[in-house]
Amino acid sequence: MAEPQPQTLPGKPLADAVTRGVRAALAAWAEAEPGFRPHLVSVLASDDEASRVYVHSKARQAGRLGVRFTVRDLGADATQDELHAALQTLSADADVHGIVLELPLAAGLDADAALLHIAPRKDVEGLTPANLALIAAGREAEALLPPTPRSVRFLLREALGDDLRGRRVAVIGPGRTVGRPLTFMLNNRGVTVTLCNEYTRALADVLAPQDAVVVAVGHAGLLRPEHVQPQHIVIDAGISVTPEGVVGDALPDLPVRAQTPVPGGVGPLTSALMYQNLVRAVKLQRGESVE
1 MAEPQPQTLP GKPLADAVTR GVRAALAAWA EAEPGFRPHL VSVLASDDEA SRVYVHSKAR
61 QAGRLGVRFT VRDLGADATQ DELHAALQTL SADADVHGIV LELPLAAGLD ADAALLHIAP
121 RKDVEGLTPA NLALIAAGRE AEALLPPTPR SVRFLLREAL GDDLRGRRVA VIGPGRTVGR
181 PLTFMLNNRG VTVTLCNEYT RALADVLAPQ DAVVVAVGHA GLLRPEHVQP QHIVIDAGIS
241 VTPEGVVGDA LPDLPVRAQT PVPGGVGPLT SALMYQNLVR AVKLQRGESV E
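Oh and the sequence shown: position 281 is 281 in UniProt numbering, straight run, nothing missing.
As structure tokens, this is what we get:
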């Protein structure tokens, strides 16, 4: 009997559903408040080409949605004080509803220090210490959640069902933007989380009893066939650029129950959820109830 083929978990169908919700919220505002459009500002302080590609992608999506999008390009020679001042000014501007600090910053600039100068309720990437602290405290309803960990949780619920209580999930990669917040976000849903890194010994033994494996290290090909089991759901949130193109942390076509593709898995959903965060940010700034 032929082996069953693993299921592919694309992010686009979920992203399309999220985008429809964003469009509905924007349409409701446009009807109730003619002329109102949320304003998202992207702050650049580097000469990183990948960051500029991401900014152009955000701008295109904003244009399709009808969101105002502005780029504040400080250049690679910006000082830490200039960066802080720009973020403080945007945070205090009532006409600005969301702020994205494009990472990585130029050499010599401190991203952790800069994030302290973004108003938490305008932090649409959910990276400020205030938002991360609310997540860790189990107070997600008051926070703006990082879009990539949210994408991962969406995809896990798609594969395993909405009720994740009692599920066992291994997270490989304790990074600040994905692994660490995701660990708390899964725990908030009753998941038993095993946090690993690229140096975890006997990785196959650690992963064997898990229902799902999330990998987010940025190390191409880190997760291989000998590490996984047929029951595993693999969510690949890692990105590496190689001469062959963009690849994930997991080798493709692993012998598992289901696996997200790279590209086309976590990425499209992350983009859609950032704009959902912008809608949520406007509501939080206005003191309106949020889901």
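Ideal placement from N, C-alpha and C gives every residue a C-beta, glycine not left out.
From a predicted model like this one, the values you see are computed outputs, not experimental measurements.
Other residues of its chain near residue i: CB distance less than 7 Å, five sequence neighbours each side excluded
i	result
Trp-29	Phe-36
Leu-160	Arg-167, Asp-211, Ala-212 and Ile-233
Pro-261	Thr-8 and Pro-10
Residue i versus residue j - alpha carbon distance
i	j	result
Lys-12	Val-18	10 Å
Asn-188	Leu-65	31 Å
Ser-51	Leu-109	15 Å
Gln-231	Pro-255	9 Å
Gly-248	Glu-33	43 Å
Gly-179	Ala-216	7 Å
Gln-229	Ile-235	14 Å
For residue i, the nearest candidate out of the options (CA to CA)
i	options	result
Pro-149	Ala-204, Ala-272 and Ala-250	Ala-272
Ala-76	Ala-32, Asp-112, Leu-222 and Asp-48	Asp-48
Leu-26	Ala-143, Glu-288, Leu-284 and Gln-276	Gln-276
Glu-82	Ala-107, Gly-245, Ala-114 and Val-67	Ala-114
Arg-153	Pro-34, Phe-184, Leu-251 and Asn-131	Phe-184
His-97	Glu-288, Glu-291 and Arg-280	Arg-280
Helix, strand or coil at residue i according to DSSP, with G and I counted as helix
i	result
Thr-270	helix
Ile-99	strand
Ala-216	coil
Ile-135	helix
Val-279	helix
Leu-144	coil
Ala-155	First, the amino acid is wrong: residue 155 is Leu here, not Ala. Three-state result, Leu-155: helix.
Leu-223	strand
Glu-184	Reading the sequence as shown, one finds Phe at residue 184 and not Glu. Helix at Phe-184.
Gln-201	First, the amino acid is wrong: residue 201 is Arg here, not Gln. Three-state DSSP puts Arg-201 in coil, outside helix and strand.
Val-166	Checking the sequence, you will find Gly at residue 166 rather than Val. Coil, per DSSP.
Met-1	Residue confidence is low: Met-1 scores 43 on pLDDT, short of 50, so the model does not pin down where it sits. No coordinate-derived value is stated.
Sequence-distant residues of its chain with Cβ nearer than 8 Å to residue i (five each side left out)
i	result
Arg-72	Val-41, Ser-42, Val-43, Leu-44, Ala-86 and Leu-90
Ala-111	Leu-101, Leu-103, Pro-104 and Leu-105
Indicate whether the contact test is met: 3 or more Cβ pairs, each with one atom in the stretch 157-172 and one in the stretch 136-147, closer than 8 Å. no
I want to know whether the stretch 236-243 touches the stretch 115-125 - three or more CB-CB distances under 8 Å. no
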